[in-house]
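Participant: Read in order, the letters of the sequence shown are residues 4 to 161 in our numbering.
In this text, a Cβ means the ideal position worked out from N, Cα and C, and glycines have one as well.
Mind having a look at this structure? Questions to follow.
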Amino acid sequence: YGGGYAGGAAGTNPMAVVPVVGASNRPLTVTADINPQDSEWTAIGLSGFANHGWFGDGQLWIYLKNGGRYNVLANGTAISLTGGERFDARIKPGALNRVELFYDKVARTVALRINGYVMLPATTLPAGYTPVTSYAGWSALTVAGNGPSVDSFELRRR
């Protein structure tokens with residue numbers, strides 16, 4: 004699905020998405036190098052809509068904050084798969100962090116690695132919730148200064 008680079012401008016909430024195409028039952032991996040500096044958070048994930056925000060419509064997504072905090076969310080912010088916002092000192096402030104979000108539709112599991120470390124092992128989605136994964140992308144909230152960086156964004160089917 005290709006890679007790329009994107010950045011934000013002061014006073015904006017930038018986002019970009021690509022359509023998810025191909026065999027719908029194969030597991031998906033959304034990957035990017037994220038430096039969330041100068042934003043409240045920067046996120047990657049899967050959505051059912053091309054032009055809606057992650058907070059309301061993100062189906063499976065992870066946000067990263069510059070201070071080493073992160074959260075894996077589903078159904079907007081209704082479900083936290085990490086049990087709330089977490090801190091990990093292995094998240095590098097002011098630098099690119101490799102973020103990998105894994106979704107297996109058949110197994111109904113989500114997993115997360117940051118900088119090669121497992122932050123969320125394969126975790127089963129709550130009963131009754133089936134994500135709509137029509138788009139993959141990235142987003143940032145409340146960008147200031149030079150803004151965050153999202154580099155090497157990639158969507159893969161495993």
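Could you pull the DSSP bridge partners for residue 61 from this structure?
Facilitator: What you label residue 61 is simply residue 58 of the sequence shown in a count that begins at 1. BP columns for residue 61 point to 50.
Participant: Restricting to Cα atoms, I'd like to know which of 152, 22, 51, 42 is closest to residue 102.
Facilitator: By one-based count along the sequence shown, residue 102 stands at place 99. Nearest C-alpha to residue 102: 152.
Participant: Should residue 53 go down as buried or exposed, given a rule of 16 or more other Cβ atoms within 10 Å for buried?
Facilitator: Here residue 53 refers to the residue found at position 50 when the sequence shown is read from its first residue. Counting Cβ neighbours within 10 Å, residue 53 comes out exposed, since fewer than 16 surround it.
Participant: How far does the beta strand (DSSP E) with residue 41 in it extend, from its first residue to its last?
Facilitator: Residue 41 sits at position 38 when you count from the first residue of the sequence shown. Careful: residue 41 lies outside any beta strand (DSSP E) and carries neither H nor E.
Participant: In chain order, what residues of the same chain have a beta carbon less than 6 Å from the beta carbon of residue 127, not counting five sequence neighbours either side?
Facilitator: Along the sequence shown, read from residue 1 onward, the residue named residue 127 stands at position 124. Hits under 6 Å: 111, 112.
Participant: Buried or exposed: where does residue 156 fall if 16 or more other Cβ atoms within 10 Å of its Cβ makes it buried?
Facilitator: The residue you call residue 156 lines up with position 153 of the sequence shown. Buried, because 16 or more other Cβ atoms sit within 10 Å of the Cβ of residue 156.
Participant: What are the uninterrupted segments assigned as beta strand (DSSP E) that are 3 or more residues long and contained completely in the stretch 73-132, given in chain order?
Facilitator: Counting only runs of 3 or more, we get 100-107, 112-117, 120-127.
Participant: Please report how far the alpha carbon of residue 9 lies from the alpha carbon of residue 24, in whole angstroms.
Facilitator: As a first step, residue 9 is located in the sequence shown; it is residue number 6 there, counting from the start. As a first step, residue 24 is located in the sequence shown; it is residue number 21 there, counting from the start. Interpretation of residue 9 is limited by its pLDDT of 45, a score under 50 that renders its predicted location unreliable; the figure taken from the coordinates is listed afterwards. Approximately 22 Å, taken between the alpha carbons.
Participant: Based on Cα-Cα distance, which residue from 160, 133, 150, 149 lies nearest to residue 50?
Facilitator: By 1-based counting over the sequence shown, the position of residue 50 is 47. When only C-alpha atoms are compared, the closest one is 133.
Participant: Thinking C-beta only, is residue 28 closer than 7 Å to residue 109?
Facilitator: Walking along the sequence shown from the start, residue 109 turns up at place 106. Walking along the sequence shown from the start, residue 28 turns up at place 25. Their beta carbons are under 7 Å apart, which means residue 109 touches residue 28 by this criterion.
Participant: Please report the Cβ distance between residue 32 and residue 105, rounded to the nearest whole angstrom; I am assuming they are in contact, meaning their Cβ atoms lie under 8 Å.
Facilitator: In the sequence shown, counting from the first residue as 1, residue 32 sits at position 29. In the sequence shown, counting from the first residue as 1, residue 105 sits at position 102. Indeed, because the Cβ distance is near 5 Å, the residues count as touching under 8 Å.
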